[in-house]
Amino acid sequence: MNATRRSLWADAMARLTSDRAARISLAVLLVLALFAALAPLAAPWHYDQLDWAHMAQRPSPATGHWLGTDRLGRDLLVRAAQGLRVSFAIGILATLVSMVIGVTWGAVAGYCGGRLDAVLMRTVDVLYSLPYVFIVILLGSLTDRSTLAVFLGIGAIGWLTMARVVRGEAQALRSREFITAAIASGLSTPQILWRHVLPNLLGPVLAYATLSVPQLILIEGFLSFLGLGVHEPRASLGNLLAEGAADLHGLPWMLLVPGSLVLAIVLALNALGDALRTALDPRRP
Amino acid sequence: MSPLLTVRDLTLRLPAAAGSFEVLHGIGLEIAAGECLAVVGESGAGKSQLIRAIAGLSPPLAQIQGSVRFEDQELVGAGPALLRGVRGARIGIVFQDPAGSLAPHLTVGRQLCDALRAHRAVDSRQALEQARTALDRVRIPSATERMHQYPHQLSGGLRQRVTIAAALIAEPALLLLDEPTTALDATVQQELLTLFASLKRELGLGMLLVSHDLGVVAGIADRVAVLYAGRIVEQGPVDSVYRAPRHPYTRDLLAASPSLEAPLDRPRPTIAGRPPDRARQAPGCAYAPRCSEVAAICAQRPSFTVTGARGYACHRPLPELQ
Chain Y
7 MNATRRSLWA
17 DAMARLTSDR
27 AARISLAVLL
37 VLALFAALAP
47 LAAPWHYDQL
57 DWAHMAQRPS
67 PATGHWLGTD
77 RLGRDLLVRA
87 AQGLRVSFAI
97 GILATLVSMV
107 IGVTWGAVAG
117 YCGGRLDAVL
127 MRTVDVLYSL
137 PYVFIVILLG
147 SLTDRSTLAV
157 FLGIGAIGWL
167 TMARVVRGEA
177 QALRSREFIT
187 AAIASGLSTP
197 QILWRHVLPN
207 LLGPVLAYAT
217 LSVPQLILIE
227 GFLSFLGLGV
237 HEPRASLGNL
247 LAEGAADLHG
257 LPWMLLVPGS
267 LVLAIVLALN
277 ALGDALRTAL
287 DPRRP
Chain F
3 MSPLLTVRDL
13 TLRLPAAAGS
23 FEVLHGIGLE
33 IAAGECLAVV
43 GESGAGKSQL
53 IRAIAGLSPP
63 LAQIQGSVRF
73 EDQELVGAGP
83 ALLRGVRGAR
93 IGIVFQDPAG
103 SLAPHLTVGR
113 QLCDALRAHR
123 AVDSRQALEQ
133 ARTALDRVRI
143 PSATERMHQY
153 PHQLSGGLRQ
163 RVTIAAALIA
173 EPALLLLDEP
183 TTALDATVQQ
193 ELLTLFASLK
203 RELGLGMLLV
213 SHDLGVVAGI
223 ADRVAVLYAG
233 RIVEQGPVDS
243 VYRAPRHPYT
253 RDLLAASPSL
263 EAPLDRPRPT
273 IAGRPPDRAR
283 QAPGCAYAPR
293 CSEVAAICAQ
303 RPSFTVTGAR
313 GYACHRPLPE
323 LQ
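Given below as structure tokens:
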């Protein structure tokens, strides 16, 4: 009888941890998070500190620069950890922003339908057609190029796709019989949205959110590459990649290190998103 | 005593590819407290649409005319606030598919509490207590354990009992049953029929049962209305309609229903032809193309004739018994 009393969350977590791919991705993400949090504290170097004795040094434990240095003699390990912090923060914050706006917008549009749906989704279409680089530049110049503005700008792009994904799901939910049954038992529209529509959106939303984190990290990289995102000497995975790409022949580790970090994040989050979607389906045994 | 529910001249049109078509036409029904009226008919006759129209659950683009009076309130054209106050509180609805009509992500107890708290200002302890009572009322064994379970952990019969408990939790006066036993196997079906009969007796509920199964209807209904192509063709007390149908369609429907006494080596009689295409309605009696009693006059639409407790819409009714 004990098993039947477990909550849906406990069930979902049990299913998640019994999935090998999910366990590996969680471990990878945990290691990366610990690395990002602790490496800058433990290492003897600061992310913008120049080591005049070891410039453009290939990775070697002997010099004390385990992952090498760039042409200015800055330690790549510390800079990569710093970049991970910034990229994680941007990916997660921007995803949260896009989740809150996109889910509300899409759920209302998809569930209520009719004219409201048309108005809400045409607004999304119009915003889609605006070039987001322009919006981010605008936000950046209005707020004196703060990092928070970059977060908000990227989140403001992300919610458009989220709203479309959620609207489709909410529309499909609306025709499910348990929603009709909820209406028939006298529940109001806000109650139904909160109690029945939102929880059933959770699976697809989380799956999409885990996919959008790496996407937003890449957008941040692109913006940093254009000089609109995070500025030197601060590091993000995006501007590390940009620097590395510029020096591919001379200092290949400058591209390989941030490149493999991005790859690890993307693969881990994709696998986790996939496992989450299956784990959050309550009809599974 | 005035009836609980009075439906007068209810007509429902649904939008179609070209214009719209009539799903229900001129429906008239009455249900008193403690009485069960069954509506029978083939699939596509408009049975489920009738239940939905009464509860104001028709699709957004449906056009509804006529009147549905329930406890001295007009429900056709009523605002969402009034309908919300009536649904669940005064009218409970049980749908055909118990697996689909329970939310998969909420425990049984949660769903029952939600249904109750939509209408009563009770704290969560009282709500849980009443949810338990509701499960006891529909004879669910070990109700306390069931409260913590999710719908997928229950059998089909138990799920349907839970939806009945949810429909009854706010103590409605009228229960609308949309083929409540169709998705269940025969033994469970029998148990539920017994349950409905005792609920009707104990709670004095009015019931509107929609079914294609004449056996189910005979088990619990007091009166029966036969629906064909969106119109009521015959209405009356179950015993008398079953014994001596006046409309040829009712007779053919009864003859086609399976019986234990019928010899197995002879094929069961069926009604030749198909129900009419609803988008293209002929002006005359809708049953005429399939009817064995058809005559020239059947090209005109018959009016509904009422004699005593019985009523039928036929130009050439079958003879009364005796």
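Same order as they appear, the protein sequences are chains Y and F.
Using this note's numbering, the first residue of the first sequence is number 7, and each one after it goes up by one.
Using this note's numbering, the first residue of the second sequence is number 3, and each one after it goes up by one.
We put the beta carbon where it would ideally sit given N, CA and C, even for glycine.
Exercise for the section: Confirm, please, whether the CB-CB distance from residue 115(F) to residue 133(F) is below 7 Å. Expected result: Their beta carbons are under 7 Å apart, which means residue 133(F) touches residue 115(F) by this criterion.
Exercise for the section: Quick one: grab the DSSP three-state call for residue 149(F). Expected result: Note: residue 149(F) maps to helix in three-state DSSP.
Handout entry: Rounded distance between the beta-carbons of residue 130(F) and residue 148(F), thought under 8 Å
Key = The C-beta distance from residue 148(F) to residue 130(F) rounds to 12 Å, too long to fall under 8 Å, and the pair is not in contact.
Problem - Closer than 7 Å to chain F by CB, residue 205(Y) - result: Yes - at least one Cβ of chain F is within 7 Å of the one on residue 205(Y).
Exercise for the section: May I ask you to list, following chain order, the residues of the stretch 93 to 104 of chain F that have a beta carbon less than 7 Å from some beta carbon of chain Y? Expected result: For the stretch 93 to 104 of chain F, the beta-carbon criterion of a distance under 7 Å to any beta-carbon of chain Y is satisfied by 95, 97, 99, 102, 103, 104.
Handout entry: Sub-7 Å separation of residue 33(F) and residue 12(F) beta-carbons
Key = In this structure, residue 33(F) lies away from residue 12(F), with their beta-carbon atoms at least 7 Å apart.
Problem - With 16 other Cβ atoms within 10 Å as the buried cut-off, status of residue 183(F) - result: Residue 183(F) sits buried, since 16 or more C-beta atoms from the chains shown fall within 10 Å of its C-beta.
Exercise for the section: Could you please give the first and the last residue of the uninterrupted alpha helix (DSSP H) stretch that includes residue 264(Y)? Expected result: Start and end: 259 to 285.
Problem - Sufficient close CB pairs (3 or more, under 8 Å) joining the stretch 21 to 35 of chain F to the stretch 189 to 199 of chain F - result: With the cut-off at 8 Å, the stretch 21 to 35 of chain F and the stretch 189 to 199 of chain F do not touch.
Exercise for the section: Tell me, to the nearest whole angstrom, how far the beta carbon of residue 278(Y) is from that of residue 28(Y); I am working on the premise that it is less than 8 Å. Expected result: Residue 278(Y) to residue 28(Y), Cβ: 6 Å. Contact.
Problem - Neighbour flag for residue 202(Y) against chain F, beta carbons, 7 Å - result: Among the CB atoms of chain F, one or more fall inside 7 Å of the CB of residue 202(Y).
Practice task
Measuring only between beta-carbons, confirm whether residue 181(Y) sits less than 7 Å from chain F.
Solution key: Chain F contact via Cβ: absent.
Exercise for the section: Kindly confirm or deny that the stretch 124 to 132 of chain Y and the stretch 212 to 231 of chain Y touch, where touching means at least three C-beta pairs closer than 8 Å. Expected result: They do not touch, by the three-pair rule.
Practice task
Taking a Cβ distance cut-off of 7 Å, strictly less, list which residues of the stretch 52 to 72 of chain Y are near chain F, in chain order.
Solution key: Correct list: empty, as no residue qualifies.
Exercise for the section: Would you mind telling me which residues of chain F sit closer than 8 Å to residue 189(Y), beta carbon to beta carbon, in chain order? Expected result: In chain order: 59, 89.
Exercise for the section: Starting from residue 143(F), find everything on chain Y with Cβ-Cβ shorter than 8 Å and list it in chain order. Expected result: By Cβ distance, chain Y contributes nothing, its closest Cβ being about 14 Å from residue 143(F), past 8 Å.
Handout entry: Sequence-distant residues of the same chain with beta carbon closer than 7 Å to residue 264(Y), five excluded per side
Key = Hits under 7 Å: 86, 89, 243, 246, 247, 250.
Handout entry: Inter-stretch contact (C-beta, 8 Å, three-pair minimum) for the stretch 101 to 118 of chain Y and the stretch 170 to 178 of chain Y
Key = The stretch 101 to 118 of chain Y, when compared against the stretch 170 to 178 of chain Y, does touch it at the 8 Å Cβ threshold.
Handout entry: Endpoints, beta strand (DSSP E) assigned at residue 212(F)
Key = From DSSP, the beta strand (DSSP E) with residue 212(F) extends over 208 to 213.
Exercise for the section: For residue 67(F), collect the residues of the same chain with a Cβ closer than 7 Å to its Cβ; drop the 5 residues on either side in sequence, then sort them by chain order. Expected result: So the qualifying residues of the chain are 13.
Practice task
Ignore the nearest five residues each way along the sequence and tell me which others in residue 269(F)'s own chain have a CB closer than 8 Å to its CB.
Solution key: Non-local C-beta neighbours of residue 269(F) in its own chain, meaning closer than 8 Å and more than five positions away in sequence, are absent.
Exercise for the section: Return helix, strand or coil for residue 317(F), following the three-state DSSP convention. Expected result: In the structure shown, residue 317(F) sits in coil (DSSP, three-state: anything other than H, G, I, E or B).
Handout entry: Rounded separation between residue 93(Y) and residue 150(F) - CA only
Key = If you take the alpha carbons of residue 93(Y) and residue 150(F), they lie about 42 Å apart.
Problem - Residue-level contact to chain F via CB, residue 21(Y), 7 Å cutoff - result: So no, residue 21(Y) is outside the interface.
Handout entry: Within-7 Å CB hit, residue 220(F) to chain Y
Key = Residue 220(F) has a beta carbon lying at 7 Å or more from every beta carbon in chain Y.
Exercise for the section: Please name the residue, chosen from 42(F), 176(F), 162(F), 264(F), that lies closest to residue 186(F) on a Cα-to-Cα basis. Expected result: Taking only the C-alpha atoms, the option nearest residue 186(F) is 162(F).
Handout entry: Contact residues within the stretch 267 to 286 of chain Y, judged by C-beta distance below 7 Å to chain B
Key = The structure shown contains no chain B; the protein chains it does contain are Y and F.
Practice task
Please go through the stretch 71 to 134 of chain F and give each complete beta strand (DSSP E) segment of 3 or more residues, from N-terminal end onward.
Solution key: Segments of the beta strand (DSSP E) lying fully in the stretch 71 to 134 of chain F: 93 to 96.
Practice task
Examine the Cβ distances between the stretch 226 to 236 of chain F and the stretch 35 to 51 of chain F and report whether three or more of them are shorter than 8 Å.
Solution key: Flag = yes, the stretch 226 to 236 of chain F and the stretch 35 to 51 of chain F touch.
Practice task
List the DSSP bridge partners of residue 239(F).
Solution key: Residue pairing by DSSP places residue 239(F) opposite 225(F) in a beta bridge.
Practice task
Step through the CB atoms of chain F and report whether any lies within less than 7 Å of the CB of residue 199(Y).
Solution key: At a cut-off of 7 Å, the C-beta of residue 199(Y) has no neighbouring C-beta in chain F.
Exercise for the section: Leaving out five residues on either side along the sequence, give the residues of the same chain with a beta carbon under 6 Å from the beta carbon of residue 168(Y). Expected result: Correct list, in chain order: 104, 108.
Exercise for the section: Would you tell me roughly how many angstroms separate the C-alpha atoms of residue 36(Y) and residue 132(Y), rounded to the nearest one? Expected result: Their Cα atoms are separated by approximately 39 Å.
Problem - Neighbour list for residue 262(Y) in chain F, Cβ cutoff strictly below 8 Å - result: Among the residues of chain F, none has a CB under 8 Å from the CB of residue 262(Y); the nearest is roughly 44 Å distant.
Handout entry: Endpoints, the beta strand (DSSP E) within which residue 307(F) is located
Key = In the DSSP annotation of this structure, the continuous segment of the beta strand (DSSP E) that includes residue 307(F) starts and ends at 307 to 309.
Practice task
Within 10 angstroms of the Cβ of residue 106(Y), are there 16 or more other Cβ atoms? Answer buried if so, exposed if not.
Solution key: So residue 106(Y) counts as exposed.
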